[in-house]
Amino acid sequence: MTDKFISIEGIAKRYPGASGATTTIFENLWLSMARGEFCCVIGHSGCGKTTVLNILAGLDAPSEGTVIVDGQSISGTSLDRAVIFQSHALLPWRTVLGNVAYAVSSKWRRWDRAKVKAHAQTFIDLVGLTGSEHKRPSELSGGMKQRVGIARALSITPKMMLMDEPFSALDALTRGTLQDEVRRICLETGQTAFMITHDVDEAIYLADKIFLMTNGPGAVLAEVVENPLPRDRGRTDLHRHPLYYALRNHIIDFLVTRSKTFTAETPDHDPRNVPMVHIGKPGLTIAASDEPRQTRIPGTSPGLTA
Amino acid sequence: MTSSLRLRAGLVSIVLLAAFLGIWHLATRSTAPVATMSPEYAKLMGLTATQGKSAMPGPIDVGAKLWEHLKRPFYDNGPNDKGLGIQLGYSIARVGTGYLLAVLVAIPLGFLIGMSPLLSKALDPFIQVLKPISPLAWMPLALYTIKDSSISAIFVIFICSIWPMLLNTVFGVASVRKEWINVARTLEVGTIRRAFTVILPAAAPTILTGMRISIGIAWLVIVAAEMLVGGTGIGYFVWNEWNNLSITNVIIAILLIGVVGMLLDQILARFTRMVTFPE
Ligand SMILES: Nc1ncnc2c1ncn2[C@@H]1O[C@H](COP(=O)(O)OP(=O)(O)OP(=O)(O)O)[C@@H](O)[C@H]1O
Ligand SMILES: [Mg+2]
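Going line by line, the protein sequences match chains C and X.
Per the numbering used here, the very first residue in the first sequence carries number 3; after that it's consecutive.
Per the numbering used here, the very first residue in the second sequence carries number 4; after that it's consecutive.
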């Protein structure tokens, strides 16, 4: 892991709580992503995933620590980091086309109207909203709004996509199509992606690395799971891969039981060296250091591995 | 369903109007002479005493007089006898000038205050004290400093229309949804462009509501202000006709003040609808 495109270094987020106390959502959080990597975050509701994403976007400042992107500590938002918001965040007084065009004309300020419109239109077509360009957000369904948000983020061709449950409101078919499109675009353009999801299969299909977060408050990044599936994986034969179920079980195990008990059971957890889990390999290496630590992973018995 | 409701409501309105006019007519119609008296005395007392005619004009008198006014709205026979159109024109011009000046001050200022929590807190006590002052209380001060009655009236309109617009602009700008601001931030939209492309459209319905309240207050205040400063305008006309004891003209003026006020409100209501967006 030499190329750290994104590096979150010891960030914390605290809010003033009741009667002068402070609530710590998370602290001493470290994680890194390589350029072009697709990372998914999984964790229970309220653990602080959106907060991490907002800090990465530069919308929110961490109470402690820094975020380093491309060797530079960030100090605000950037057109290089596009956000798909959990709440869609469409401008209700603009049409679908207007919302996407707003992003396009913000990125390329010298483009004339026709060029902006044509560019916006390609991304509206991409998310399957052809014919709804002139509708206002209030006239759209939740899934359609979400797709406008996706089109808006994709349209500015950022270096990094920050996605907050981008497909949660979509039906299975549309979701599949959009997952394919987003994955294709990220792979083709070499975008780095950070995506929050509650859908384990979505994470397995899309991610190169899956970050597992424990429950809040005081959430920690428990493990980084490396996806053993090949990069050119297909949606339909995903479950045929010999490691698919081991991976899936490992994540679900974490969500069902270990996310609650992790902090208590792992007192020696080092947030700077979060264990990197390689499903199917007997060893467990540490994400940030080069020395492998020999530990057996629950749920990956040698019998299951290929 | 809705069209039939509108039809029925319209019918009820017409019935109510007819009933009102009927009662008014009955209440003010001539009765038999109440007393016989010497012609000299009768002349002195006027029609009220001699024919039992009420001093209050009936709807037919008012209607006839109104028709007369409407036929010649813009005549000008010197300072005390001008057409109603001219008088209303003066009032509308004063309201328009004072109001537009208030718009030019209140909206940019409201934007600044709304976008800056510091200014918002610092200016709040001043606004809280200035807002409840009756605009007419400013009149002597205005007359003393400006030394021109017409401009003083405009100043009074300015001062009374500024507060609702200022407060609504501040509120509208300060309560723009954070997620819309965040969209602009992630797109690296500069402050000026953000103000025009996100904050203004988002706050516009609230701002327009303030402008609508303001125009209503301004139209209320102009009548009183013109009664005070005199000279021209519909307020002065009311006062002048009262001095002439022409209740008919006073009633006509009241009616017209209402109609113009309604029109002004409707214009602003239409603008408000234009900038309102469904969520
Ligand atoms: N402004 C705030 N003041 C106080 N606490 C806050 C504030 N914003 C968020 N929180 C708390 O921070 C925690 C993390 O919130 P966050 O939105 O990051 O959760 P999440 O992991 O994205 O959840 P979900 O999956 O439901 O979207 C929550 O417990 C929430 O109560
Ligand atoms: Mg969230």
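Just so it is clear, CB atoms sit at the ideal spot from N, CA and C, and this is done for glycine as well.
Look at the alpha carbon of residue i and the alpha carbon of residue j, and state the distance between them as a whole number of angstroms.
| i | j | result |
| --- | --- | --- |
| Gly-193 of chain X | Leu-156 of chain C | 21 Å |
| Thr-31 of chain X | Ile-154 of chain X | 41 Å |
| Ile-89 of chain X | Phe-240 of chain X | 10 Å |
| Val-98 of chain X | Leu-104 of chain X | 10 Å |
| Leu-203 of chain X | Val-179 of chain X | 9 Å |
| Ile-86 of chain C | Thr-132 of chain C | 20 Å |
| Thr-199 of chain C | Thr-279 of chain X | 35 Å |
| Ser-217 of chain X | Lys-74 of chain X | 32 Å |
| Ile-184 of chain X | Lys-147 of chain C | 18 Å |
| Leu-146 of chain X | Leu-231 of chain X | 11 Å |
| Gly-92 of chain X | Asn-171 of chain X | 29 Å |
| Leu-61 of chain C | Val-69 of chain C | 12 Å |
| Ser-249 of chain X | Leu-259 of chain X | 16 Å |
| Thr-179 of chain C | Arg-215 of chain X | 49 Å |
| Val-106 of chain C | Thr-100 of chain X | 41 Å |
| Trp-32 of chain C | Ala-209 of chain C | 19 Å |
| Ile-63 of chain X | Ser-140 of chain C | 53 Å |
| Trp-141 of chain X | Ile-220 of chain X | 15 Å |
| Pro-219 of chain C | Thr-79 of chain C | 26 Å |
| Ile-210 of chain X | Gly-175 of chain X | 6 Å |
| Arg-16 of chain C | Phe-28 of chain C | 7 Å |
| Arg-115 of chain C | Ile-158 of chain C | 16 Å |
| Val-150 of chain C | Ala-84 of chain C | 13 Å |
| Ile-187 of chain C | Val-227 of chain C | 23 Å |
| Leu-190 of chain X | Val-102 of chain C | 11 Å |
| Gly-236 of chain C | Arg-242 of chain C | 10 Å |
| Pro-94 of chain C | His-280 of chain C | 45 Å |
| Leu-189 of chain C | Pro-167 of chain X | 54 Å |
| Ala-36 of chain C | Gly-192 of chain C | 11 Å |
| Thr-287 of chain C | Gly-73 of chain C | Below a pLDDT of 50, predicted positions are generally treated as unreliable, and Thr-287 of chain C, at 48, falls in that range; the measurement from the model is reported next regardless. Distance between the alpha carbons of Thr-287 of chain C and Gly-73 of chain C: 25 Å. |
Taking buried to mean at least 16 other C-beta atoms within 10 Å of its own C-beta, is residue i buried or exposed?
| i | result |
| --- | --- |
| Val-15 of chain X | exposed |
| His-90 of chain C | buried |
| Leu-20 of chain X | exposed |
| Asn-246 of chain X | exposed |
| Lys-150 of chain X | exposed |
| Ser-108 of chain C | buried |
| Thr-25 of chain C | exposed |
| His-121 of chain C | buried |
| Lys-117 of chain C | exposed |
| Gly-213 of chain X | buried |
| Val-98 of chain C | buried |
| Asn-252 of chain X | buried |
| Lys-124 of chain X | exposed |
| Arg-154 of chain C | buried |
| Phe-256 of chain C | buried |
| Val-43 of chain C | buried |
| Asn-217 of chain C | buried |
| Ser-75 of chain C | exposed |
| Ser-21 of chain C | exposed |
In terms of residues, what are the limits of the alpha helix (DSSP H) holding residue i?
| i | result |
| --- | --- |
| Lys-181 of chain X | 181–189 |
| Lys-147 of chain C | 144–157 |
| Trp-166 of chain X | 152–177 |
| Trp-242 of chain X | 237–246 |
| Met-2 of chain X | Any property of residue 2 of chain X remains undetermined from this structure, which presents chain X solely from 4 to 282. |
| Gly-113 of chain X | 87–118 |
| Ala-256 of chain X | 250–278 |
| Val-224 of chain X | 203–232 |
| Val-276 of chain C | No alpha helix (DSSP H) contains Val-276 of chain C, which DSSP labels as neither H nor E. |
| Val-43 of chain C | Not the alpha helix (DSSP H): Val-43 of chain C falls in the beta strand (DSSP E), residues 40–44. |
| Leu-69 of chain X | 62–74 |
| Thr-200 of chain X | That residue, Thr-200 of chain X, is in no alpha helix (DSSP H); it is neither H nor E in DSSP. |
Any beta carbon from chain A within less than 8 Å of residue i's own beta carbon?
| i | result |
| --- | --- |
| Ala-171 of chain C | This model lacks chain A altogether; the protein chains it does include are C and X. |
Which residue comes first and which comes last in the beta strand (DSSP E) that contains residue i?
| i | result |
| --- | --- |
| Ala-14 of chain C | 8–18 |
| Leu-8 of chain X | No beta strand (DSSP E) holds Leu-8 of chain X; the alpha helix (DSSP H) holding it covers 5–31. |
| Asp-166 of chain C | 162–166 |
| Thr-26 of chain C | 24–35 |
key: Residues within the segment 52–81 of chain C neighbouring chain X, beta-carbon criterion of under 9 Å   = Asn-56, Ala-59, Gly-60, Leu-61, Gly-78, Thr-79, Ser-80, Leu-81
query = Fully enclosed by the segment 179–263 of chain C, which beta strand (DSSP E) runs are 3 residues long or longer?
reply = 194–198, 211–215, 223–228
ask   = Looking at chain C, which residues of the segment 189–212 of chain X have a Cβ within less than 9 Å of any of its Cβ atoms?
value = Thr-189, Leu-190, Glu-191, Val-192, Arg-196, Thr-200, Val-201, Pro-204, Ala-205, Ala-207
message = Tell me which residues of the segment 120–142 of chain C have at least one Cβ-Cβ distance to chain X shorter than 9 Å, keeping chain order.
response = Arg-138, Pro-139, Ser-140, Glu-141
ask   = Enumerated in chain order, which unbroken segments of the alpha helix (DSSP H) with a length of 4 residues or greater are wholly contained in the segment 58–139 of chain C?
value = 98–109, 115–128
task = Taking a Cβ distance cut-off of 7 Å, strictly less, list which residues of the segment 176–187 of chain X are near chain C, in chain order.
result = Glu-182, Trp-183, Asn-185, Val-186
Members of the segment 88–105 of chain C near chain X, C-beta cut-off 9 Å = Ser-89, His-90, Ala-91, Leu-92, Leu-93, Pro-94, Trp-95, Arg-96, Asn-101, Tyr-104, Ala-105
request  = Check distances from the C-beta atoms of the segment 106–124 of chain X to those of chain C and list, in chain order, the residues that come in under 9 Å.
outcome  = none
task = Select from the segment 219–243 of chain X all residues with a C-beta closer than 9 Å to any C-beta belonging to chain C, and list them in chain order.
result = none
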